[in-house]
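To start, the structure itself, in structure tokens.
2 protein chains.
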Amino acid sequence: MARNKRHLEPKVKKEEIELVAMALLKEKGYDNTSMAEIARSAGVAANTIYWYFENKDHVLIAVLNRVVSHAMEEVITQREQPLRTRVLKLIAQVESSGSLMTDVHARVRHSPKVQAWHDQFHGMVEQLAVAELVNAGVGPDEAQLDAKLLIYVIEGLLAHPHKLQEREQIIDQALKRIFA
Amino acid sequence: MARNKRHLEPKVKKEEIELVAMALLKEKGYDNTSMAEIARSAGVAANTIYWYFENKDHVLIAVLNRVVSHAMEEVITQREQPLRTRVLKLIAQVESSGSLMTDVHARVRHSPKVQAWHDQFHGMVEQLAVAELVNAGVGPDEAQLDAKLLIYVIEGLLAHPHKLQEREQIIDQALKRIFA
DNA sequence: CTGTATCTTGAATGCCAATCAGCGACGAGA
DNA sequence: TCTCGTCGCTGATTGGCATTCAAGATACAG
């Protein structure tokens, strides 16, 4: 039935799997999305995915890279906005990727690769946050710690549902406390 | 082979399962502990657990209740200590239960019962934190928000590994920012 | 035309949570 | 003392899952 399609899509197949996986993982989360379902949506046999990806966690990582690089592009376009606005937009942005970030934390203990991705991602975010804070007037020695505080607060907001207004209040309070 | 043991242990069996499950879940986490393993350690057949608990998440909840009530007892004995000491002790305490708290966040999306447990737990912790902050001199209107900030920072510390010294620095910075 | 590397697949394998249909022990009532 | 229903427990099974295996199909090089 389904034949070899190499002549049709030479290197696009992997990309298509990633796109399909991204949609499904965003919508239903890691645990509720089976490899079989990803394969079905991509129009391939279940085990075909294993030719392109070592295992399910590697699919997750590929999806995460797409999501993050897209988010970074968005962030860049907001360069002119005040910090508060950018933080709120960032949270809304990440939230639109569903439970992906929570899934990462859950998979970190199972997969060293996801662990590594997470650590590197955290490092990058912290660097960005430190730069933002220094730029906004926080002392360089304190910026390192304040960056962690801010990131953990944002993670808390992402991990727990909040009404929009409450979320803004919390961010405002955090910024107020940092820029006392 | 294994016969009915009702005459031997009337209502202790459930407790034993909980104790065994607590040890295993603390040590290896939710996903890496199978029902079969819990059963084997408790000396019963795999499906016997389902006589006492609706499903695996209910076992988790029973274990969480034990862990939390034990932690609360510990907290009470620390009543005299300064806030900073108590927070650090609390973090160390929760950390000794392994990845249990992370597991809760991961299961929240799968099980409404775990969701409910989590929400109620968060409410309780927030109440305690607000009381602490008000008692330490934070304005009552701000205490609500600061409590959330502090809790999210603590959750961040629990979710990510830190050297002891770094953890203390972060807590100190958080308290410094709140009590500016 | 032939061999080799590249894709793709159907059919396993093995682990897991959860279910099913009973089996033996006890306790109440005859 | 009998018996019958409920309680505590069990072996066997089911269905879903990630992952592996052996082999088929395709393209390309020589």
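Protein chains in written order, with our numbering: chain A, 1 to 180; chain B, 1001 to 1180. All residues carry an ideal CB built from backbone N, CA and C; glycine is no exception.
If I follow the unbroken alpha helix (DSSP H) through residue i, where does it start and stop?
i	result
B/Val-1138	From DSSP, B/Val-1138 is part of no alpha helix (DSSP H); its letter is neither H nor E.
B/Tyr-1052	1049–1052
B/Ile-1081	Reading the sequence as shown, one finds Gln at residue 1081 of chain B and not Ile. Careful: B/Gln-1081 lies outside any alpha helix (DSSP H) and carries neither H nor E.
B/Arg-1107	1100–1108
B/Asp-1172	1164–1178
B/Val-1044	Counting along the chain, B/Val-1044 falls outside any alpha helix (DSSP H), and DSSP gives it neither H nor E.
A/Lys-26	12–28
For residue i, which residues from the same chain have a beta carbon less than 8 Å from its beta carbon, with the 5 sequence-adjacent residues on both sides left out?
i	result
A/Val-125	Ile-151
A/Asp-172	Arg-84
A/Val-134	Pro-140, Ala-143
B/Gly-1137	Phe-1179
B/Asp-1057	Arg-1107, His-1110, Ser-1111, Lys-1113, Val-1114
B/Leu-1024	Thr-1033, Glu-1037, Ile-1038, Ser-1041
Does any C-beta atom of chain A lie closer than 8 Å to the C-beta of residue i?
i	result
B/Ile-1178	yes
B/Asp-1031	yes
B/Gln-1127	no
B/Ala-1106	yes
B/Glu-1155	yes
B/Ser-1099	yes
B/Tyr-1152	yes
B/Ala-1159	yes
Is residue i near the ligand FMN, with its Cβ less than 7 Å from a heavy atom?
i	result
A/Ala-46	The ligand FMN is not part of this structure, which contains no ligands at all.
Counting only beta-carbon separations shorter than 8 Å, does residue i have a partner in chain B?
i	result
A/Ile-170	yes
A/Ala-147	no
A/Arg-3	Confidence at A/Arg-3 is low in this model, with a pLDDT of 37, below 50, so its placement is unreliable and no value can be given for it.
A/Gln-173	yes
A/His-110	yes
A/Gly-123	no
A/Val-75	no
A/Thr-102	yes
Looking only at its own chain, which residues have a Cβ that is under 7 Å from the Cβ of residue i, when we skip the five neighbours before and after it?
i	result
B/Leu-1157	Ile-1091, Arg-1167, Ile-1170
B/Ala-1147	Glu-1126, Ala-1129, Val-1130, Leu-1133
A/Ala-45	Ala-39
If I measure Cβ to Cβ from residue i and keep anything under 6 Å in the same chain, skipping five residues before and after, which residues do I get?
i	result
B/His-1162	none
B/Arg-1086	Gln-1078
Between the stretch 1096–1112 of chain B and the stretch 1018–1032 of chain B, can you find at least three pairs of beta-carbon atoms closer than 8 Å? yes
Quick check: the stretch 60–68 of chain A against the stretch 101–120 of chain A, are there 3 or more CB pairs under 8 Å? yes
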